[in-house]
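Mapping the sequence shown onto my numbering, position 143 (from 1) lands on 143, and the numbers just tick up by one.
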Amino acid sequence: MDLSAFTSKNWENAYFDSVVPEKCKSEPCVLGVDEAGRGPVLGPMVYGICYCPISKHEDLKSAGVADSKTLTEEQREKLFTKIHENNDYIGWSLEVISPVYISACMYKRPKVSLNEISHNSAISLIKRAIAAGIQVSEVYLDTVGPPEKYEAKLQDIFPTLKVTVAKKADALYPCVSGASICAKVARDRALSSWEFPEGVEVKNWGSGYPGDPITKNFLMNSLDRVFGFPGLVRFSWSTAEKILEEKCVPTTWKDDEEDDEKKNTPSVLDYFAKKQKSLSDEAVKSPPAPKRRRHHYFTERCLAPVTNF
1 MDLSAFTSKN WENAYFDSVV PEKCKSEPCV LGVDEAGRGP VLGPMVYGIC
51 YCPISKHEDL KSAGVADSKT LTEEQREKLF TKIHENNDYI GWSLEVISPV
101 YISACMYKRP KVSLNEISHN SAISLIKRAI AAGIQVSEVY LDTVGPPEKY
151 EAKLQDIFPT LKVTVAKKAD ALYPCVSGAS ICAKVARDRA LSSWEFPEGV
201 EVKNWGSGYP GDPITKNFLM NSLDRVFGFP GLVRFSWSTA EKILEEKCVP
251 TTWKDDEEDD EKKNTPSVLD YFAKKQKSLS DEAVKSPPAP KRRRHHYFTE
301 RCLAPVTNF
């Protein structure tokens, strides 16, 4: 699995695909979806799919696939190699979702939740498989949020497919276990080979989970008191936010645009004042037209018109 397309631009999301087996283009297929790296404060979240003909689904189980969380890193690597070796009937696809993208989404107005990011990734991977000519017939997913609601959402989007969303699906369905292994192997590799565009020189940042002492140490040592953390860190995680609040230089953003708009917005009392003047036979003046609000695209990015360079 060559992840260089992501590691060279790790601030962007990237897709990776196996070769599609010919059998998967001619036979009804089962497809499993799972993720790795949903909870860590460091690194990408990876969504993966694993698919094969329905007639071969049990062969995945006999190959030894299991929930990646129950396996060691060495066991996952061996199983991924086995999946790759059986590429005559097993295929996979991945989306590596950058921590920069995750933070940006969760700080958007309105906020894009991690559940929504997860749903969008799963949907895009299923659509990607169908577009590649895979004869997807059944889809199995580990739940994100209430399973009934998630299943209904997917069934509306893919009405011709049999969709099953279940808790612990990675332990129940071999195709989901396969997706779990592919996603976890990709995340481990992406995290271990992370390159810092910021020039941070660190050799070990741990597992990325908030409770890992090595990760905690990395967060404290990589912090810039003005610019915060490098892109490896999910700024939107409470662990990171707390450190930023306690250790970074306090910053106040003055929104001049809003202040100007408030000054030019007439008060309700202004209208009553105009009416009182009209009773004393004074000329009635129309209230000043409110200043036209700028599009939120510009205000959210603190962009202003420039006439001189």
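Built from N, CA and C at the ideal position, the CB exists for glycine as well. The model shown is predicted, which means the values in this text are computed figures rather than measured ones.
Residue j beta carbon less than 7 Å from that of residue i
i      : j      : result
Tyr51  : Ser121 : no
Cys105 : Ile97  : no
Ile49  : Leu125 : yes
Val163 : Tyr150 : no
Gly32  : Val176 : yes
Ala240 : Val41  : yes
Ser103 : Phe235 : yes
Ala190 : Leu71  : no
Asp17  : Ser93  : yes
Lys247 : Leu223 : yes
Phe80  : Ile181 : yes
Ala36  : Arg128 : no
Glu95  : Tyr15  : yes
Lys82  : Ala63  : yes
Range covered by the alpha helix (DSSP H) that runs through residue i
i      : result
Ala129 : 114-131
Tyr150 : 147-157
Ala14  : It is not in any alpha helix (DSSP H) - Ala14 instead sits in the beta strand (DSSP E) that spans 14-17.
Arg23  : The sequence given here has Lys at residue 23, not Arg. That run of the alpha helix (DSSP H) goes 23-26.
Gly178 : 174-192
Phe6   : 4-7
Ile54  : Here Ile54 belongs to no alpha helix (DSSP H), and DSSP marks it neither H nor E.
Contact belief for residue i with residue j at Cβ below 8 Å, rounded distance in angstroms
i      : j      : result
Pro28  : Gln135 : 5 Å
Phe158 : Val144 : At roughly 16 Å, the Cβ-Cβ gap does not stay under 8 Å, so Phe158 and Val144 are not in contact.
Asp34  : Ala171 : That pair is no contact at about 11 Å.
Lys23  : Asp88  : 7 Å
Arg38  : Leu114 : 7 Å
Gly43  : Gly208 : 5 Å
Lys168 : Pro147 : Not confirmed; about 10 Å, so no contact.
Trp205 : Leu244 : Not quite, the Cβ-Cβ distance comes to about 17 Å (not below 8 Å), so this is no contact.
Trp194 : Asn10  : 7 Å
Bridge-paired residues (DSSP) for residue i
i      : result
Ile102 : Per DSSP, none; premise fails for Ile102.
Phe229 : According to DSSP, which records beta bridges pairwise, Phe229 is partnered with nothing at all.
Pro210 : None, per the DSSP bridge assignment.
Ser93  : Asp17, Ile49
Cys248 : According to DSSP, which records beta bridges pairwise, Cys248 is partnered with nothing at all.
Asp224 : Gly228
Leu303 : For Leu303, which the question treats as bridged, DSSP gives no partner whatsoever.
Leu42  : Val233
Selection from the options that minimises the alpha carbon distance to residue i
i      : options                       : result
Tyr101 : Leu303, Arg292, Phe6          : Phe6
Asp59  : Arg109, Pro174, Glu198        : Pro174
Pro230 : Leu303, Arg109, Pro99, Ala131 : Pro99
Lys184 : Leu114, Arg76, Ile83          : Arg76
Ile123 : Arg109, Glu85, Gln155, Lys61  : Gln155
Gly91  : Ile130, Arg109, Lys111        : Ile130
Residue range of the beta strand (DSSP E) that includes residue i
i      : result
Asp59  : Where Asp59 is concerned, there is no enclosing beta strand (DSSP E), although the alpha helix (DSSP H) it sits in stretches over 57-62.
Leu141 : 136-142
Lys162 : 162-166
Ala36  : 29-36
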